[in-house]
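Each remark here refers to the structure printed beneath this line.
Number of protein chains: 2
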Amino acid sequence: MASNLPVDGERLWSSIMELAKIGPGIAGGSNRQTLTDADGEGRHLLRRWCEELGLAMSVDRVGNMVFTRPGADATLPPVAFGSHLDTQPTGGRFDGVLGVLAGLEVMRALADAGTVTRAPLMLINWTNEEGARFSPPMMGSGVAMGLFEEAEVLAKTDPAGAVFGAELRRIGWAGEADPAALQQLGAYFELHIEQGPLLETEGADVGIVTGASAQAWFEVTVTGAEAHAGNGMGLRRDALVAASQMIVAIEGIAHELGGNGTVGRVSVSPDSRNVVPGRVWFTVDLRHARATALAEMERQVRVRIGAIAGARRVSAGIVPFWSFPETPFDATLVGRLGEAAKARGYRFLEMPTGIGHDAVYVARRVPTAMIFCPCHGGLSHNEAESITPAWAEAGCKVLADAVLATAGVA
Amino acid sequence: MASNLPVDGERLWSSIMELAKIGPGIAGGSNRQTLTDADGEGRHLLRRWCEELGLAMSVDRVGNMVFTRPGADATLPPVAFGSHLDTQPTGGRFDGVLGVLAGLEVMRALADAGTVTRAPLMLINWTNEEGARFSPPMMGSGVAMGLFEEAEVLAKTDPAGAVFGAELRRIGWAGEADPAALQQLGAYFELHIEQGPLLETEGADVGIVTGASAQAWFEVTVTGAEAHAGNGMGLRRDALVAASQMIVAIEGIAHELGGNGTVGRVSVSPDSRNVVPGRVWFTVDLRHARATALAEMERQVRVRIGAIAGARRVSAGIVPFWSFPETPFDATLVGRLGEAAKARGYRFLEMPTGIGHDAVYVARRVPTAMIFCPCHGGLSHNEAESITPAWAEAGCKVLADAVLATAGVA
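Residue numbers (the working numbering), protein chains in the order written: chain V, 210 to 619; chain G, 210 to 619.
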């Protein structure tokens, strides 16, 4: 199933490096936050490259850019692929960019080969995937898939008070297309860096993403009794030692059930060197590829927190904060990515993504699958983020082959 | 060894309640911070009460108030007792006050009985024991015992910029006596509330304090690797789970070696719900009645921190912050307090103090011992601090008997 498409890894790499000149960071990465001048400039470069290929551009009302290559059968739903060009304030050169420019490379290779697909193809650059300047993340895909209200998104403000809709017009990328039209895609593929260390550690060339993990976030408040540190240990009701045992237990449960459990924030009260903490607040982020397993994780975490609190004569209150459903990707498309990787002789891993991506929102309406590219040390959202040209090329080739297999060749 | 001294528990209690009317708190406690108008007013009331007994007052250059009752033999070194009248901003009515007014009650009972002691007696109100307004605590006793420079203390400023020496003059309590004269005391006794729950829990009437614990305070910085919470557990180097294990281990070691171990402050970085913490900083406060045992505690804590860090592939840096030597009280005086309690039929516990007191500084130069009075729930530095009149009377009687036994009756 490996195609003969002349995907050019060097051309892909040099395009990535070219784009990275726009909105450079201060340490070798990128600062091309959404709807800044740099974002506008990056969009113009993408537009120029796509126009050179004769692709028709459409921009919707939240700024999502769509470049269409006609297929032989205009009645077939388009096969789309892409990612995002916006970055974190101290972002890397590959997060998002790889998926857009790999999509561009697929378009270029098709042009070089003169291949015509049966279904039309679309390359998409989604607006504001990062959510760094305007929260929440994945706004463009969220609006397109009907998950966010368009008017609400256009009214969002950044920390300086600038309004999303006004900034979109200011940089010249407020279009007229209806974002919801993208719900009619026949398929969507996204290549993205892993943002984790698993692929590199396992020596895999590509990751085939099977779906997005279900998530449950909550907050725990442990209340014991404040006491002077000069008092003996026997009678203490130390909220921090209790919370520490809970944090260790959460890790153990996540390990055992094959999910992720993270305590990311902790606040200790009264936060004094010589006072036994009377109260500790901490956050819990639980994730699992399967919603039923997530529910079991959460149940076990609650039981353990209750047991530790009871044994230590402290109380523990648990308040839900946010949750996200399990989002499996399309089995046919996932299978097709695996076949493509196998046919190319790549070592690949099947894995869920615990991280949000445009593809996760698109998957709510459109058959979707994702490809992960390894990244050094799992580093991302960091200017030092790095991948190898060989990894980028491998991901791009799997993308190209799966796109061709899905769209069909005329 | 129980004396016939007519100590009057009701008079003691009503004096405590009378003094509490000066600088009342907002929730039934006291706000009589050092060198405020309220502190000055409290000092005046004590002076009036002492003058009614014919006691001669001397005030030294840092404001320590000393009331002397002559003994039959003026060549004998004085036997002193007292505590402090200043409070925390939201302090209780008993912390410090109990010791001063119990000393006053001893003086009153002696006057009632017409008893003349062989050695002179001195009642002392130390300046700024709390350290809440001007840091550090125990300034008056620290200067008197030569542990702090008098000029430095006089130049200390409060958070509003007011200067210690100027405030002392403003409230009219800057005296001319040499604070160092108090190094010539023959003995010093202090009755103080326990500020911990042990005595109440054990059903004891009084505590006999054997000395002050040695203390070692340090800071630990655990450095792992930041990672997105969407990444799997296997490859994490979570600084917080490592720190949590260390915190649990510190408690265990303190328990096992009969000391105190407290982690009071924790700071997590980057402190984001969905980021595995890359760095955690926390404080450690270790205390033990015996310096050798403290050293062993610290050794074991360091070994365990190193072992946990190694097993979790994180690093742990330990930086000393402060230390305080073991300060045993005078064995003869401690024994005398125990005999007094026994003779009165009180249930008593011998215990170290892990908390700083004027007596701990005085003990560096003068034979010293302390009596603890139980307090409800161990609550202190809190307006809800409370004791019973019976506990106050018991402590006062043990103080009276030990003072008489030490000074001798003419």
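Cβ atoms here follow ideal geometry from the backbone N, Cα and C, with glycine treated the same way. Here the structure is a predicted model, which means the values were calculated and not measured.
Inter-residue spacing [alpha-carbon to alpha-carbon] between residue i and residue j
| i | j | result |
| --- | --- | --- |
| Y570(G) | L356(G) | 8 Å |
| H620(V) | L495(V) | Chain V is shown from 210 up to 619; residue 620(V) falls before or after that span and cannot be answered. |
| Q230(V) | I380(V) | The identity of residue 230(V) in the sequence shown is Lys, whereas the question assumes Gln. If I take the Cα positions, the gap works out to 18 Å. |
| F343(V) | D248(V) | 13 Å |
| A549(G) | M274(G) | 27 Å |
| M506(G) | G470(G) | 9 Å |
| R446(V) | S453(G) | 16 Å |
| A436(V) | V216(G) | 32 Å |
| A318(V) | G312(V) | 10 Å |
| L244(G) | N334(G) | 13 Å |
| L588(V) | W490(G) | 23 Å |
| R302(V) | H585(V) | 13 Å |
| R474(V) | L542(V) | 37 Å |
| A525(G) | G519(G) | 9 Å |
| L310(G) | G554(G) | 23 Å |
| A498(G) | N440(V) | 12 Å |
| T410(G) | E594(V) | 58 Å |
| I564(V) | A568(G) | 59 Å |
| E359(G) | Q392(G) | 14 Å |
| D246(V) | R513(V) | 50 Å |
| D304(V) | Q509(V) | 35 Å |
| G251(G) | R241(G) | 8 Å |
| M442(G) | I459(V) | 11 Å |
| L377(G) | P298(G) | 18 Å |
Bounding residues of the beta strand (DSSP E) (the contiguous stretch that carries residue i)
| i | result |
| --- | --- |
| P561(G) | F557 to T562 |
| F276(G) | M274 to R278 |
| E399(V) | A396 to I402 |
| F343(G) | Neither: F343(G) is in no beta strand (DSSP E) and is coded neither H nor E. |
| L332(G) | L330 to N334 |
| V429(V) | A423 to T432 |
Bridge partner(s) assigned by DSSP for residue i
| i | result |
| --- | --- |
| R574(G) | R574(G) is not bridged to any residue. |
| M348(V) | For M348(V), which the question treats as bridged, DSSP gives no partner whatsoever. |
| D269(V) | A386(V) |
| M579(V) | E399(V) and V418(V) |
| F290(G) | L332(G) and F398(G) |
| T366(G) | V372(G) |
| L537(V) | Contrary to the premise, residue 537(V) reads as Pro rather than Leu in this sequence. Its beta-bridge partners are G420(V). |
| R446(V) | A434(V) |
| G300(G) | S239(G) |
| T326(G) | V618(G) |
Residue range of the alpha helix (DSSP H) that includes residue i
| i | result |
| --- | --- |
| S239(V) | That residue, S239(V), is in no alpha helix (DSSP H); it is neither H nor E in DSSP. |
| E261(G) | D246 to E261 |
| P598(G) | P598 to A616 |
| E314(G) | V306 to A322 |
| S224(V) | G218 to L228 |
| L408(V) | L407 to E411 |
8 Å contact criterion, which residue i and residue j should meet: CB distance rounded
| i | j | result |
| --- | --- | --- |
| T324(G) | V618(G) | 6 Å |
| I517(G) | A451(G) | 6 Å |
| R582(V) | E338(V) | The residue asked about is misnamed: residue 582(V) is Cys in this sequence, not Arg. Wrong, their Cβ atoms sit about 16 Å apart, outside the cutoff. |
| P388(V) | D269(V) | 4 Å |
| I225(V) | L307(V) | 7 Å |
| G416(G) | P286(G) | That belief does not hold up - the Cβ atoms of G416(G) and P286(G) are roughly 26 Å apart, past 8 Å. |
| P406(G) | L444(V) | 5 Å |
| V271(G) | G349(G) | 5 Å |
| G218(G) | H590(G) | Not confirmed; about 25 Å, so no contact. |
| S267(G) | T277(G) | 7 Å |
| F533(V) | A616(V) | That belief does not hold up - the Cβ atoms of F533(V) and A616(V) are roughly 31 Å apart, past 8 Å. |
Legend entry - Contiguous beta strand (DSSP E) assignments of at least 3 residues, all confined to the segment 463-534 of chain V: 469-471, 475-478, 488-497 and 524-533
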